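Have a look at the structure below, then the notes.
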Amino acid sequence: MKEILTRLEEFEYIRTVIFPEEVILKEPVEKWPLCDCLISFHSKGFPLEKAQAYTDLRKPYIINNLDMQYDLQDRRVVYKILEREGIELPRFAILDRDSKDPSKRELIEGEDHVEVNGVTFNKPFVEKPVSAEDHNIYIYYPTSAGGGSQRLFRKVCSTTSQCNLSSLPEYRVADSAMSSLLWYLKVGPVQPQLTKVHSFH
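Under UniProt numbering, think of the first position of the sequence shown as 1, with each following residue one higher.
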């Protein structure tokens, strides 16, 4: 986001104004700074409804659709939108713990595969939480590649992943209290990385 704002400031007739967090969280939208054009991204704790109220009040030009940001918080909804628009997706299945239909939350686990609602995924595969706010993503590797798993997560200092070389990883879905999960095939090398992955700067 900072990089986007930095590039915008290179234009002579554009002045960026960053609304202070204190103002966003505590002040009514009537006291928010005025702007001609608004860029607003939802994140945990961000009052999206206040941003919508601000746009209703001030009518700035909106770069990104605020209403759609509710949809972006649930990966199940995002996939439905992509399918509806005819956008190609990897083969996937959703273990939907929120559904009252038992056929949508069936799981059979094997050493080198899982079966989700009748769909089999041989390792390597990826496991994602349906909540876009949860950035803990797991890649599970087959025993032929050494087994284990790689956890990807939102950047902490300079680290964005953690490797677990256990040949029998405990799938997060095994915890009945865990939220719904999305599974799909991983495209690319199957050999787990032994070193930590760092973000590019």
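Where is the CB? At the ideal position from N, CA and C, for every residue including glycine. None of the values given here were measured: they were computed from a predicted structure.
Check                                                                                                           : Outcome
LYS26, enclosing alpha helix (DSSP H) - first and last residue                                                  : 21–26
Anticipated Cβ contact below 8 Å, TYR141 with LYS123, distance rounded                                          : 6 Å
Contact under 9 Å by Cβ, ASP67 with VAL78                                                                       : no
Residues sharing a beta bridge with TYR61, DSSP                                                                 : CYS37
Alpha-carbon to alpha-carbon, LEU5 and LEU89                                                                    : 31 Å
Classification of LYS31 by the beta-carbon crowding that lies within 10 angstroms, buried from 16 upward        : exposed
Below-9 Å beta-carbon distance, ASP96 vs any chain C residue                                                    : Annotation note: the requested chain C is absent from the structure, which comprises a single protein chain.
Assigned secondary structure, ARG75 (DSSP; H/G/I helix, E/B strand, else coil)                                  : helix
Residues that THR120 bridges to, as DSSP identifies them                                                        : GLU115
Contact check, SER40 vs ASN64, beta carbons under 9 Å                                                           : yes
Rounded straight-line distance, which links the Cα of GLU85 to that of ARG76                                    : 14 Å
Own chain partners of LYS104 with C-beta closer than 7 Å, once the 5 adjacent residues on each side are dropped : ASP96, ASN117
Range of the contiguous beta strand (DSSP E) that encloses ILE108                                               : 107–109
Among GLY147, LEU152, PHE125, the one whose alpha carbon lies nearest that of HIS135                            : LEU152
Through-space distance from PHE19 to ALA51, alpha-carbon basis                                                  : 11 Å
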